[in-house]
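Taking the numbering used here, the leading residue of the sequence shown gets 20, the next gets one more, and so forth.
All residues carry an ideal CB built from backbone N, CA and C; glycine is no exception.
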Amino acid sequence: MDKPEIIMAPGPTPVPPQVLLAQGGPLVYHRGPGYGRLLREVSESLQEIMHTRSDVLVLTASGTGGLESAVANLCSPGDRVVVPVAGYFGERFAKIATAYGLDVRRVDYEWGRAVRPEDVAAALAEAPTKAVFMQQSETSTGVIHDVEAVGSVVREAGALFAVDVVSSLGAVPYDGDAWGVDVAIGGSQKAFSATPGVAFVSVSSAAWEAAASSTSPRFYFDWRLYKDAFDRKNPENPFTPAISLMQGLREALALYFEEGAEAVLTRHRLLSEGTKAGARAMGLELFGEHPERAWAVTAVRAPEGIDGDEIVAKVRRDHHVILAPGQGPLKGKIFRIGHLGYYDRLDIVRCMAALESTLVELGHPVEPGAGVVAAQAVFTGR
Ligand SMILES: *Cc1c(COP(=O)(O)O)cnc(C)c1O
Numbered sequence: 020m021d022k023p024e025i026i027m028a029p030g031p032t033p034v035p036p037q038v039l040l041a042q043g044g045p046l047v048y049h050r051g052p053g054y055g056r057l058l059r060e061v062s063e064s065l066q067e068i069m070h071t072r073s074d075v076l077v078l079t080a081s082g083t084g085g086l087e088s089a090v091a092n093l094c095s096p097g098d099r100v101v102v103p104v105a106g107y108f109g110e111r112f113a114k115i116a117t118a119y120g121l122d123v124r125r126v127d128y129e130w131g132r133a134v135r136p137e138d139v140a141a142a143l144a145e146a147p148t149k150a151v152f153m154q155q156s157e158t159s160t161g162v163i164h165d166v167e168a169v170g171s172v173v174r175e176a177g178a179l180f181a182v183d184v185v186s187s188l189g190a191v192p193y194d195g196d197a198w199g200v201d202v203a204i205g206g207s208q209k210a211f212s213a214t215p216g217v218a219f220v221s222v223s224s225a226a227w228e229a230a231a232s233s234t235s236p237r238f239y240f241d242w243r244l245y246k247d248a249f250d251r252k253n254p255e256n257p258f259t260p261a262i263s264l265m266q267g268l269r270e271a272l273a274l275y276f277e278e279g280a281e282a283v284l285t286r287h288r289l290l291s292e293g294t295k296a297g298a299r300a301m302g303l304e305l306f307g308e309h310p311e312r313a314w315a316v317t318a319v320r321a322p323e324g325i326d327g328d329e330i331v332a333k334v335r336r337d338h339h340v341i342l343a344p345g346q347g348p349l350k351g352k353i354f355r356i357g358h359l360g361y362y363d364r365l366d367i368v369r370c371m372a373a374l375e376s377t378l379v380e381l382g383h384p385v386e387p388g389a390g391v392v393a394a395q396a397v398f399t400g401r
């Protein structure tokens, strides 16, 4: 019997029925007051969530389109940029910067490490630098980088600071203006539990100045077009937006505010702690620096002698729970549990139960129930 699968990978995440209903409704015409209100509401909600007075532009793209827009608008070919790379998404920023002809100074880490502000400061001290590009949540390892600490060294060096918050915004604390972030890039399909296809980008006044003088080729992602269209009496997108997805995203953001920003963070912290306690109780080792900060994704080492990809495949086949495998050098060595977005305690309990049975069947000694009990103990505070 085929049961629906539950995605417990770090994006896309399950979508609440209210969001699906909202985006299944009739289209709001995109050159008129209805869409103008929708776009303004979405943009203002995101400003509030990001704690920023910067403009927030909404692009029809997956998160990577937002990342590319940051590189294209902030920098000109030949500009020196510093890119810490501690996983798959650090690698992605480095690739985009290289594609745009920038002079990329990588700060490389073993995957699973957190970016250290002193390393970024040292790279910045070597030569004048236009911008630093990094992630808050390096989804491939689960690690949360310290944006506040890195932001202060970037500010001191007078460089621009662009942060990929795609898998962290709404799951871990983020304070854009206080942390000196010039550009933050988010996506619809992670902690907000809307469907994939919308990226959003905050743009500070320093970032606008850079965009005005950048000589990089750009058209679809030219931020200035989005601002001009937004600043009309009735806000618009320059091109036809993904109207249905925007109707869904508006509903997803309404659900976020209905629950409350603090409550959303508390839920993510609690589900993360339950997951980690459960994994440890199964005798598993967590992967990555500062697991206590990793409220979006829990990365777990595959036990000795068992392939992480096999765990992921078997949990999906037998229990219809989709976990994420290790990427790049971590393939087979870890697996990842996403708990950002539309999840509750029982989803975690279900995941723990699925994992326990799977591990037992693969020959890893687990006392059945151990993970479930440990997760429940976190949830009930006992
Ligand atoms: C998911 C994700 C992205 C966006 O990837 P897309 O597939 O383009 O949506 C970017 N950065 C991070 C850290 C992510 O987790």
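Name the one or two DSSP bridge partners that Ser221 has.
DSSP lists Val75 and Ala203 as partners of Ser221.
If you measure from the CB of Pro254, is any heavy atom of ligand 1 nearer than 7 Å?
It does not: the Cβ of Pro254 is nowhere closer than 7 Å to a heavy atom of ligand 1.
As a quick exercise: from Arg135, Leu179, Glu60 and Gly279, pick the residue whose alpha carbon is nearest that of Arg269.
The residue with the shortest Cα to Cα distance from Arg269 is Glu60.
Need the endpoints of the beta strand (DSSP E) that Gly357 sits in, please.
Where Gly357 is concerned, the enclosing beta strand (DSSP E) stretches over Ile353 to Gly357.
Kindly indicate the opening and closing residues of the beta strand (DSSP E) around Met301.
Here Met301 belongs to no beta strand (DSSP E), and DSSP marks it neither H nor E.
Assuming Arg56 is part of the alpha helix (DSSP H), what are its boundary residues?
That run of the alpha helix (DSSP H) goes Pro52 to Met69.
Mind reading off the beta-carbon distance from Val202 to Leu93? Whole number of angstroms is fine, and I expect it under 8 Å.
Indeed they touch by this definition, with Cβ atoms about 7 Å apart.
When the distance is taken between beta carbons, is Val100 closer than 8 Å to Gly109?
Result no, Cβ atoms of Gly109 and Val100 do not sit closer than 8 Å.
In or out: Phe238 buried (at least 16 other Cβ within 10 Å) or exposed?
The residue is exposed, with fewer than 16 neighbouring Cβ atoms inside 10 Å.
With Val334 and Leu290 assumed to form a contact (beta carbons below 8 Å), what rounded beta-carbon distance in angstroms separates them?
Contact flag wrong, Cβ pair sits at about 18 Å.
Can you check the segment 72 to 133 for any beta strand (DSSP E) of at least 3 residues that lies completely inside it and give the ranges in chain order?
You should have 74 to 79, 99 to 104 and 122 to 127.
Can Asp98 and Leu121 be called in contact, C-beta distance under 8 Å?
Yes, they are a contact pair.
Compute every distance between the C-beta of Thr294 and the non-hydrogen atoms of ligand 1, then say whether any falls below 7 Å.
Thr294 Cβ: outside cutoff for every heavy atom of ligand 1.
Who are the near neighbours of Ile163 in its chain, counting only those whose CB is closer than 7 Å to its CB and skipping five residues on each side?
Here the set comprises Gln155, Ser156, Ser187, Val191, His309, Arg312 and Ala313.
Below 7 Å, is the gap between the Cβ of Val10 and the nearest heavy atom of ligand 1?
Residue 10 is absent from the structure shown; the chain starts at 20 and stops at 401.
On a CA-only basis, which of Thr158, Asp328 and His338 is nearest Gly30? Give me that one, please.
When only C-alpha atoms are compared, the closest one is Thr158.
Please find out if some non-hydrogen atom of ligand 1 comes closer than 7 Å to the beta-carbon of Thr83.
Yes, the Cβ of Thr83 comes within 7 Å of a heavy atom of ligand 1.
Might you give, ordered along the chain, the residues of its own chain that have their beta carbon closer than 6 Å to the beta carbon of Leu65, omitting 5 neighbours on each side?
These residues qualify, in order along the chain: Val75 and Phe219.
Would you report the Cα separation of Ala141 and Ala178, rounded to the nearest angstrom?
The straight-line gap from Cα to Cα measures roughly 13 Å.
Does ligand 1 have a heavy atom nearer than 7 Å to the CB of Thr377?
Not so, every heavy atom of ligand 1 lies at least 7 Å from the Cβ.
How far does the beta strand (DSSP E) with Val316 in it reach, from first residue to last?
Segment Val316 to Arg320, the beta strand (DSSP E) holding Val316.
Is it the case that the CB of Gly206 approaches a heavy atom of ligand 1 more closely than 7 Å?
Indeed, a heavy atom of ligand 1 lies less than 7 Å from the Cβ.
Go ahead and pull the three-state DSSP assignment for Ser291.
Reduced to three states, the DSSP call for Ser291 is helix.
Who are the near neighbours of Pro96 in its chain, counting only those whose CB is closer than 6 Å to its CB and skipping five residues on each side?
Closer than 6 Å at the Cβ level, and outside the excluded window around Pro96, lie Gly120.
Cβ atoms of Ile25 and His358: under 8 Å apart, would you say?
Going by C-beta atoms, His358 is not nearer than 8 Å to Ile25.
Kindly indicate which residue of Asp363, Thr83, Thr399 and Ala318 has the alpha-carbon position closest to the one of Asp405.
Residue 405 lies beyond the stretch modelled for the chain, which goes from 20 to 401, so this question has no answer here.
From which residue to which residue does the alpha helix (DSSP H) around Asp366 run?
It spans Arg364 to Glu380 - the alpha helix (DSSP H) in which Asp366 sits, taken as one unbroken run.
May I ask you to check if the CB of Lys114 is nearer than 7 Å to at least one heavy atom of ligand 1?
Lys114 Cβ: outside cutoff for every heavy atom of ligand 1.
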